[in-house]
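Peer 1: In this text, residue positions in the sequence shown follow the numbering used here: the first is 78, and each later residue adds one.
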Amino acid sequence: MKTENLMEKIVSLCKRRGFVYPGSEIYGGFQGFYDFGPLGVEMKNNLKQLWWKWMTKEHDSIVGIDGAIITNPKVWEASGHVKNFVDPLSECKKCHHRFKADDLKDDKKCPDCNGELAEPKQFNILVPTQLGVIEGEKTNAYLRGEACQTIYLNYKNVLNTTRLKIPFGICQIGKAFRNEVTLGNFLFRQREFEQWDLQWFCHPSEMEKWFEFWKKERMDWYKSIFTNPKNLGFYKHEKLAHYAKMAFDITYENSPCEIKEMEGIHWRGDWDLSGHAKFSGQDLSYTDPETNEKFVPQIVETSGGVDRAFLFLLIDAYVEDGERVVLKLHPKIAPYQVAVFPLLKNKPELIEKAKEVYGDLKKEFNVAWDDRGNIGKRYFAQDEIGTPFCVTVDFDTLEKDIVTVRDRDSMKQDKVKLKELAEYLKEKINV
Ligand code: ATP
78 MKTENLMEKI
88 VSLCKRRGFV
98 YPGSEIYGGF
108 QGFYDFGPLG
118 VEMKNNLKQL
128 WWKWMTKEHD
138 SIVGIDGAII
148 TNPKVWEASG
158 HVKNFVDPLS
168 ECKKCHHRFK
178 ADDLKDDKKC
188 PDCNGELAEP
198 KQFNILVPTQ
208 LGVIEGEKTN
218 AYLRGEACQT
228 IYLNYKNVLN
238 TTRLKIPFGI
248 CQIGKAFRNE
258 VTLGNFLFRQ
268 REFEQWDLQW
278 FCHPSEMEKW
288 FEFWKKERMD
298 WYKSIFTNPK
308 NLGFYKHEKL
318 AHYAKMAFDI
328 TYENSPCEIK
338 EMEGIHWRGD
348 WDLSGHAKFS
358 GQDLSYTDPE
368 TNEKFVPQIV
378 ETSGGVDRAF
388 LFLLIDAYVE
398 DGERVVLKLH
408 PKIAPYQVAV
418 FPLLKNKPEL
428 IEKAKEVYGD
438 LKKEFNVAWD
448 DRGNIGKRYF
458 AQDEIGTPFC
468 VTVDFDTLEK
478 DIVTVRDRDS
488 MKQDKVKLKE
498 LAEYLKEKIN
508 V
């Protein structure tokens with residue numbers, strides 16, 4: 078399937094089934110903003126929980142924080158964003174559209190109307206805001222342009238309030254805001270989006286080792302949740318920030334967008350801690366408790382977009398199979414893991430039994446209930462939202478306590494004893 082068509086289909090499915098709605102839709106929308114609907118929020122939460130557990134439970138020495146969206150504006154001077162977080166833009170003298178200078182094939186001609194382009198100028202993409210209630214006395218601040226800064230600000234607090242020693246990591250999932258120049262491609266490039274970051278603090282002599290470790294570790298994680306892991310790749314950045322020795326993107330190769338980046342693995346060195354030490358006047362160095370060596374820790378960052386991962390997972394999972402549309406999402410990510418149906422709607426004893434099964438499963442799984450139309454239609458409706466298992470309560474259930482479990486991908490049906498149902502599902506879901 079052509080990837081552009083695929084994107085249209087995903088956008089339409091997201092709206093139709095309640096994954097993602099355009100922001101402020103009844104007012105004609107607001108470019109670069111989206112709202113997650115009932116299914117989208119379940120899927121996004123599943124994804125975030127998976128990431129969080131993987132970071133904090135499956136790795137030693139990683140703790141999380143949840144930092145504020147607005148920080149002291151000096152943070153953005155120290156980080157270099159006020160000065161450097163700018164993209165040179167060329168504006169068309171005729172249609173006034175602006176383009177990233179880096180994206181232009183011909184830096185003299187407007188790609189939209191062939192008009193003449195002006196010299197590129199710097200525009201700050203941080204989103205400014207004002208705080209305070211008295212006009213004329215308001216304080217200027219910024220909504221954070223990247224979530225990771227609060228990790229650097231709290232690195233000493235974390236050290237002082239935990240027993241962590243270098244090497245260790247601080248992770249965070251949180252919103253970031255950017256006045257992006259070119260919006261579009263649905264969730265791919267928004268003005269408000271969510272990032273999941275790990276900042277790994279280590280000794281300068283171990284940077285290379287940890288960089289390679291996290292590069293592989295993050296790729297393995299994405300591979301474990303994508304339907305087609307072969308669609309994931311690395312992109313090596315040749316143009317590097319002066320402090321960086323290496324930067325790789327984890328890419329989704331089947332991306333219908335102009336760029337494929339989903340997550341960046343960055344060598345940040347001591348750039349951030351040294352910058353904040355300078356601007357704040359605080360000592361942000363670390364003293365090794367065993368050797369007494371004093372140094373500024375170096376940082377390996379893994380910084381990914383939750384929304385981009387969400388979008389790429391949907392694209393990757395989308396399959397048209399004859400008449401049915403299937404989202405072959407990983408069972409742990411799908412909005413619902415199980416759907417429960419009574420075979421017939423007009424048989425109270427079936428409804429009652431099915432409600433009982435539904436209630437029991439809800440204690441352990443995200444469960445959908447459906448009693449509309451016929452079973453075939455219900456299967457199709459669940460396939461389209463990625464529900465991996467459908468449980469039908471029929472006359473065998475009433476007589477023998479046996480249900481029919483239908484698998485989304487193989488469409489095979491298993492007869493399972495009610496008392497073994499939860500275990501059966503758990504085993505299938507924890508793949
Ligand atoms: P790009 O080159 O695509 O603008 P970036 O290199 O500026 O991205 P980072 O600053 O490294 O991005 O941010 C880390 C991650 O945050 C990116 O890999 C991406 O997944 C996500 N991200 C960045 N900008 C946006 C955006 N405007 N909308 C949605 N996700 C974004």
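Glycine included, each C-beta is placed from N, C-alpha and C at the ideal position.
Since G109 contacts L260 with CB under 8 Å, what's their CB separation in whole angstroms?
Peer 2: Working through the sequence shown from its first residue, we reach residue 109 at position 32. Working through the sequence shown from its first residue, we reach residue 260 at position 183. That pair is a contact at about 5 Å.
Peer 1: Within the same chain, show all residues whose beta-carbon is closer than 8 Å to that of W291, passing over the 5 residues directly before and after it, in chain order.
Peer 2: Against the sequence shown, residue 291 aligns to sequence position 214. Within the same chain, W291 has close Cβ partners L275, W277, I342, V377 and T379.
Peer 1: Sort out for me which residues DSSP pairs L275 with in a bridge.
Peer 2: As a first step, residue 275 is located in the sequence shown; it is residue number 198 there, counting from the start. Partner(s): C248 and T379.
Peer 1: Comparing alpha-carbon positions, which option in H158, V417 and K422 lies nearest T532?
Peer 2: As shown, the chain starts at 78 and ends at 508. That puts residue 532 outside it, with no answer to give.
Peer 1: Beta-carbon within less than 8 Å of D393's beta-carbon, same chain only, minus the 5 sequence neighbours each way: which residues are those?
Peer 2: Walking along the sequence shown from the start, residue 393 turns up at place 316. Cβ neighbours of D393 within its own chain (closer than 8 Å, five residues either side excluded): F303, T304, N305, N308, Y329 and N331.
Peer 1: Find the nearest neighbour of Q459 within the set Q199, S167 and W446, judged by alpha-carbon distance.
Peer 2: Position 382 of the sequence shown, counted from the first residue, corresponds to residue 459. Measuring from the Cα of Q459, the nearest candidate turns out to be W446.
Peer 1: For A431, is the classification buried or exposed, using 16 other Cβ atoms within 10 angstroms of its Cβ as the cut-off for buried?
Peer 2: As a working mapping, residue 431 is identified with position 354 in the sequence shown. Classified as buried, A431 has 16 or more neighbouring CB atoms from the shown chains inside 10 Å of its CB.
Peer 1: Please classify S167 as buried or exposed, where buried requires at least 16 neighbouring CB atoms within 10 angstroms.
Peer 2: Stepping through the sequence shown from its first residue, residue 167 is reached at position 90. S167 is buried by the Cβ-count criterion.
Peer 1: DSSP state of D398, grouped into three classes?
Peer 2: Working through the sequence shown from its first residue, we reach residue 398 at position 321. Residue state, collapsed to three classes: strand.
Peer 1: Under 7 Å Cβ to Cβ from K293, same chain only, skipping five residues before and after it: list those, please.
Peer 2: In the sequence shown, counting from the first residue as 1, residue 293 sits at position 216. Nothing meets the Cβ criterion.
Peer 1: Determine the DSSP secondary structure at H280, reduced to helix, strand or coil.
Peer 2: Taking the sequence shown and counting its residues from 1, the one referred to as residue 280 is at position 203. It is coil, neither helix nor strand.
Peer 1: Starting from the Cα of V88, find the closest Cα among Y111, Q375 and Y104 and give me that residue.
Peer 2: Taking the first residue of the sequence shown as 1, we reach residue 88 at position 11. Considering only alpha carbons, the answer is Y111.
Peer 1: Exposed or buried, which one is C248 when buried takes at least 16 other CB atoms within 10 Å?
Peer 2: By one-based count along the sequence shown, residue 248 stands at place 171. It is buried - the Cβ of C248 has at least 16 other Cβ atoms within 10 Å.
Peer 1: In whole angstroms, what separates the C-alpha of H353 from that of D326?
Peer 2: Along the sequence shown, one-based indexing puts residue 353 at 276. Along the sequence shown, one-based indexing puts residue 326 at 249. C-alpha separation (whole angstroms): 26 Å.
Peer 1: Measuring straight from C-alpha to C-alpha, what distance separates R483 and Q126?
Peer 2: Residue 483 sits at position 406 when you count from the first residue of the sequence shown. Residue 126 sits at position 49 when you count from the first residue of the sequence shown. Rounded to whole angstroms, R483 to Q126 spans 26 Å at the Cα level.
Peer 1: Tell me the rounded alpha-carbon separation between H174 and I506.
Peer 2: Counted from its first residue, the sequence shown places residue 174 at position 97. Counted from its first residue, the sequence shown places residue 506 at position 429. Spanning the two alpha carbons is a distance of roughly 49 Å.
Peer 1: Quick one: what's got a C-beta closer than 7 Å to N443's C-beta in the same chain, skipping five residues either side?
Peer 2: By 1-based counting over the sequence shown, the position of residue 443 is 366. Here the set comprises E119, P412, Y413 and Q414.
Peer 1: Can you tell me the Cβ-Cβ gap for T148 and R255, rounded? I've got them flagged as a contact below 8 Å.
Peer 2: The count along the sequence shown starts at 1 and reaches residue 148 at position 71. The count along the sequence shown starts at 1 and reaches residue 255 at position 178. The distance from the Cβ of T148 to that of R255 is about 15 Å, inconsistent with a contact at the 8 Å cut-off.
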